[in-house]
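Notes for the one structure printed next.
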Amino acid sequence: MADGAQTGQVPPIVPPVTPLVPPSRRDSSGLSPRQEVAILFGVEILYVKKKDGTLRLCIDYRQLNRVTIKNKYPLRRIDDLFDQLRGAMVFSKIDLRSGYYELRIKEQDVPKTAFSTRYGHYEFLVMPFGLTNAPAVFMDLMNRVFHPYLDTFVIVFIDDILVYSKNDDEHAVHLRIVLQTLRERQLYAKFSKC
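The opening position of the sequence shown corresponds to residue 851 in this note's numbering, with each subsequent residue numbered one higher.
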């Protein structure tokens, strides 16, 4: 990860244990059970039902975010991004699936992502949603991945990619380039949102 949750000296944050969906029914992608470690950090969690009926794990990182040194990576204004589209007639939007999970957490920052449930103590090995620096760190990754194509036929904004072209033939070439780049970097699109 390009930038961890830099907090300096932080006192332990340990909330009460919260129930979690049983292990057989949860998506444990990016989670590491850490039953053997001392619990110095922990945050409150809850599940929210999404439109498609699946559950989204929501983690309250407000206490950690208050003491985190903010990443100053510039996020471009949406208005500025749309100015680039002049002359384009064909567009495709690609939404990345679990984009933040592509970023590994620095080993020394893993305990800061901890939460406890009645099934055990867990820590994220990858960037969870809710950390204050997650959008900036992910935006930096996306800009590095698509650097050769930015302002030519690609706009990225956090985990959204817009491919734009003047005609269908040009667009087919641009889409192939973008999809090949995603494949090479092992970044995956959520086609239900494309």
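Ideal Cβ placement from N, Cα and C applies to all residues, glycine included.
Considering only C-alpha positions, which residue in the set the options is nearest to residue i?
i: Lys922; options: Tyr1014, Phe988, Ser1015 and Glu1020; result: Phe988
i: Gln934; options: Gln958, Asp1001, Thr963 and Val1023; result: Asp1001
i: Met939; options: Arg906, Pro924, Leu905 and Leu1012; result: Leu1012
i: Pro978; options: Lys943, Ala964 and Ile928; result: Ala964
i: Ile944; options: Asp959, Val1004, Asn915 and Leu931; result: Val1004
i: Leu991; options: Leu975, His971 and Leu1032; result: Leu1032
For residue i and residue j, I'd like the C-alpha separation in whole angstroms.
i: Lys956; j: Gly937; result: 43 Å
i: Ile909; j: Lys920; result: 19 Å
i: Ile895; j: Thr918; result: 19 Å
i: Asn1017; j: Gln1030; result: 20 Å
Should residue i be labelled buried (16 or more other beta-carbon atoms within 10 Å of its own) or exposed?
i: Lys962; result: buried
i: Thr904; result: exposed
i: Val898; result: exposed
Counting only beta-carbon separations shorter than 7 Å, does residue i have a partner in chain B?
i: Asp933; result: Here there is only one protein chain, and chain B is not present.
Helix, strand or coil for residue i, going by three-state DSSP, please let me know.
i: Thr1002; result: coil
i: Asp945; result: strand
i: Pro866; result: Only weak support exists for where Pro866 lies, its pLDDT of 48 falling under 50; the value from the coordinates is given anyway. Coil at Pro866, not helix or strand.
i: Lys899; result: strand
In chain order, what are the residue ranges of uninterrupted alpha helix (DSSP H) at least 4 long that sit wholly in the region 910-941? Runs of the alpha helix (DSSP H) lying entirely within the region 910-941, each at least 4 residues long, are 912-917 and 928-933 in chain order.
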